[in-house]
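Each remark here refers to the structure printed beneath this line.
In the working numbering, the protein residues as written are 115 to 205.
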């Protein structure tokens, strides 16, 4: 079994149009690594040069913001849904 990452509309062009992508389970850092390995252009939008999620990218594991859990060390178990939400700004 695997975990599922939900891809927002604004990033689907970087994942060949996929709304959801199955990834290996493990820490969020590995989940992101799996995504970036499969979809390299997605990497520059999700993580900075050090591999940390960009400030304007919100990542949720089972509807919980990883900033309030263990950050990129938050474990993603089999069958869990990870949601990526880029922040939206404007007026």
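Every residue gets a Cβ at the ideal spot worked out from N, C-alpha and C, and that includes glycine.
In this text the structure is predicted, and so the values were computed from the model without any measurement.
query                                                                                                                                             : result
Within 10 Å of its beta-carbon, does residue 188 have 16 or more other beta-carbons around it, so buried, or fewer, so exposed?                   : buried
What's the C-alpha gap between residue 180 and residue 173?                                                                                       : 6 Å
Between 132, 124, 167 and 133, which has its C-alpha nearest residue 145's C-alpha?                                                               : 167
Hey, quick one: how far does the alpha helix (DSSP H) through residue 156 stretch, first residue to last?                                         : 154 to 160
Give the secondary structure of residue 143 by DSSP, where H, G and I count as helix, E and B as strand, and everything else as coil.             : helix
Leaving out five residues before and five after residue 143 in sequence, what residues of the same chain have Cβ atoms less than 8 Å from its Cβ? : 165, 186 and 187
In this structure, how does DSSP classify residue 249 when only helix, strand and coil are distinguished?                                         : The structure shown does not extend to residue 249, since the chain spans only 115 to 205, so no value can be given for it.
Whole angstroms are fine: how far does the CA of residue 136 sit from the CA of residue 176?                                                      : 15 Å
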